[in-house]
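**Q** Let me begin by handing over the structure; questions about it come next.
The structure is reproduced here in C-alpha cells:
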C-alpha cells in the first residue's frame, strides 16, 4: 500500500502540490491517500462499543486480547462516553482499563458496578512534556507506564482533540526502538486547512515505527452536525512489530 500511495501521489503532481481538502472540482481529499489494509489483522475485526460516535474497531478482541490473564488498556479522552470501555470489560476477564481525561471526573455511566474494580480513572492530560505539578497534571505515555508499573499496553484508545499529532510524535521520541503497545484506536482531527505535506510526514513517521492501519471510519456525526467537510476520522492501527 505504501508503494501504491507513492505512485498515486506522483500521478497527481506530487505531495508539494496537493491540498488536504480541496474544492473547485478536485476529486481527492486527505483520507484518500491513507487507506487501511485489513489483512494486517490476522484475527476477526469486531466493533467494540456503541454504533456511531464512541465505538471502535478492534483486531482480535476475542482471540488476541480476551484470552490474556492480564491485559492492559489505556484510554485517553473519555468525554463522558464509555461504551467502548464497558464492552471491553464485558468481553474480557483479565483486562483492566486506565482512563485519563482532565475534562471529566470519571468514566461514563456505561461502566456497570460489577466491572468498576477493573477501571482506574485519573484527571490527567496526555502531553509530550511531563509536568505532574501542572494543572491539570501532565504526563507522557512513558511516565504513566512507569507510574503504573507497566512495560506493555495491549491497546491504546486516543481521542484528544487534535493533540494527537504532538503526542504521537513524542511516543516515537520516548520509544525510538519499539512502541510498547499492540493496537492504537485513534481519532484524527485534521482541519480544512491542514498542510498535506506536513500530515504525510507525520503519518510516514508512524509507519516507520511499525504502525499500520487496518480499519477506517469517517466521523459523519461531525459532518452532519456542523455541516462541514469530513476532517475527523477514526483509524485503527496494529503495531506489526509487536502486536502481542
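Numbering (our numbering), first residue to last: -14 to 229. Glycine is no exception: its CB is placed at the ideal position from the N, C-alpha and C atoms. The model shown is predicted, which means the values in this text are computed figures rather than measured ones.
(1) Roughly how many angstroms separate the alpha carbons of residue 237 and residue 125, rounded to a whole number?
(2) Is it the case that the region 176 to 184 contacts the region -3 to 12, given that we only count it when at least three CB pairs across the two stretches are under 8 Å?
(3) If you draw a straight line from the C-alpha of residue 250 to the C-alpha of residue 117, how long is it?
(4) Assess, as a yes-or-no matter, whether the region 196 to 209 is touched by the region 17 to 26 under the definition of 3 or more beta carbon pairs within less than 8 Å.
(5) What ranges does the beta strand (DSSP E) occupy inside the region 141 to 175, keeping only unbroken runs of at least 3 residues that lie completely in it?
(6) Taking DSSP's pairing of strands, which residues face residue 84 in a bridge?
(7) Would you report the Cα separation of residue 89 and residue 209, rounded to the nearest angstrom?
(8) Does the region 33 to 40 come close enough to the region 96 to 107 that 3 or more CB-CB pairs lie under 8 Å?
(9) If you compare alpha carbons, which of 72, 108, 14 is closest to residue 41?
(10) Between residue 174 and the ligand SAH, is there a pair consisting of the residue's CB and a ligand heavy atom that are separated by less than 8 Å?
(11) Alpha carbon to alpha carbon, what distance is there between residue 189 and residue 226?
(12) Measure the CB-CB distance between residue 204 and residue 158 and report whether it falls below 9 Å.
(13) With residue 199 as the anchor, note down where its beta strand (DSSP E) starts and where it stops.
(14) For residue 47, is the classification buried or exposed, using 16 other Cβ atoms within 10 angstroms of its Cβ as the cut-off for buried?
(15) If you scan the region 13 to 70 from start to end, which runs of the alpha helix (DSSP H) of 4 or more residues do you find wholly inside it?
**A** Well, looking at it:
(1) Here the chain covers residues -14 to 229 and nothing more, so residue 237 does not appear.
(2) yes
(3) With the chain covering -14 to 229 only, the question about residue 250 has no answer from this structure.
(4) yes
(5) 166 to 174
(6) 60, 106
(7) 25 Å
(8) no
(9) 72
(10) As for the ligand SAH, it is missing from this structure, which has no ligand bound.
(11) 15 Å
(12) no
(13) 196 to 203
(14) exposed
(15) none
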